[in-house]
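Please read the structure below before turning to the comments.
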Amino acid sequence: MSFGDPNNPYGQQQPPAPQGQPGYGYPNQAPQGVPPQGGYAYPQQAPQGQPGYGYPNQAYPAGPGGYPGMPMQMPGVLKTARVLLFIIAAIQLIVGAFALLGAAFISSADSGSSYGSSNSGQVAAGVIALIAVIAIAFAVWAIVLGVKFGKGGNATRITTIVYSVLFLLSSLANFANTGSNGTGPALAGGVIGLAIGVVILVAAVNKDSVAWFNRPRY
Numbered sequence: 001m002s003f004g005d006p007n008n009p010y011g012q013q014q015p016p017a018p019q020g021q022p023g024y025g026y027p028n029q030a031p032q033g034v035p036p037q038g039g040y041a042y043p044q045q046a047p048q049g050q051p052g053y054g055y056p057n058q059a060y061p062a063g064p065g066g067y068p069g070m071p072m073q074m075p076g077v078l079k080t081a082r083v084l085l086f087i088i089a090a091i092q093l094i095v096g097a098f099a100l101l102g103a104a105f106i107s108s109a110d111s112g113s114s115y116g117s118s119n120s121g122q123v124a125a126g127v128i129a130l131i132a133v134i135a136i137a138f139a140v141w142a143i144v145l146g147v148k149f150g151k152g153g154n155a156t157r158i159t160t161i162v163y164s165v166l167f168l169l170s171s172l173a174n175f176a177n178t179g180s181n182g183t184g185p186a187l188a189g190g191v192i193g194l195a196i197g198v199v200i201l202v203a204a205v206n207k208d209s210v211a212w213f214n215r216p217r218y
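Quick note: the sequence shown uses the UniProt record's numbering, first residue 1, plus one each step.
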């Protein structure tokens, strides 16, 4: 087959390219999804779920009984202790208010007697008033501790231990005052007081509670 004069540079023809071979005719089409060489194409979007630019995902350390990456939850024993603190505070406020009223009544009755005021009456009124003030102070202390359980640190936990120890000592003092001839309600109150004090103390020294009070704050 002749392809023209070999001495004529303008008349020389190239043989047809074999079918399927590159270099002749139209340029080969690029595979789908790959931009052609020297052309314009939109960049491919990054697949979803792959890490890219932006703010890093915030994660919280796992709390007691929780999973990694989840916010810490207050332990159940601390929630129970908080409820008990609020109940104790309510009872102590009621007792303190009635004790103050009783001390005021004794003091006024002793002062208005026809025989004049007696030292014993004033002393009794003073002792009752002192007990009322202590009860109200403990009630306020219990309320503050219960409120601080949510955001308080290790100092709150240590203060709770001190409160529970003093509460246990006061409950034991009730047993000592009743003696062997103590009435049923007094003994029952002492037993309940001891149980409540033990629960609060255990809640303050529990390992989950320690982790809760020592958790990082963001």
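Backbone N, C-alpha and C fix where the C-beta goes; we use that ideal spot for every residue, glycine too.
Ranked by Cα distance from Val127, the first of Ala99, Phe149 and Val144 is Ala99. A direct Cα-Cα distance of roughly 14 Å separates Ala173 from Ser164. Across the set Ala103, Gly96, Val133 and Ala142, the C-alpha of Ala142 shows the shortest separation from the C-alpha of Ala89. Measuring C-alpha to C-alpha distances from Ala125 to each of Val140, Ala139, Asn214 and Phe105 identifies Phe105 as the nearest. Around the beta carbon of Arg217, a 10 Å sphere encloses fewer than 16 other beta carbons of the protein chains shown; the residue is thus reported as exposed.
With 16 or more other Cβ atoms inside 10 Å of its own Cβ, Ile196 counts as buried. Taking the Cα of Val162 as reference, the smallest distance to any Cα among Ile192, Phe175 and Ala203 is reached at Ala203.
Distance from the CA atom of Ile134 to the CA atom of Gly96, rounded to whole angstroms, is 8 Å.
Excluding its 5 nearest sequence neighbours in each direction, Leu78 has C-beta neighbours in its own chain below 7 Å: Phe149, Ala203, Ser209 and Trp212, listed in chain order. The continuous alpha helix (DSSP H) containing Asn119 extends over residues Asn119 to Lys148.
Under the criterion of beta carbons closer than 8 Å, Ala139 and Leu93 qualify as touching, at roughly 5 Å.
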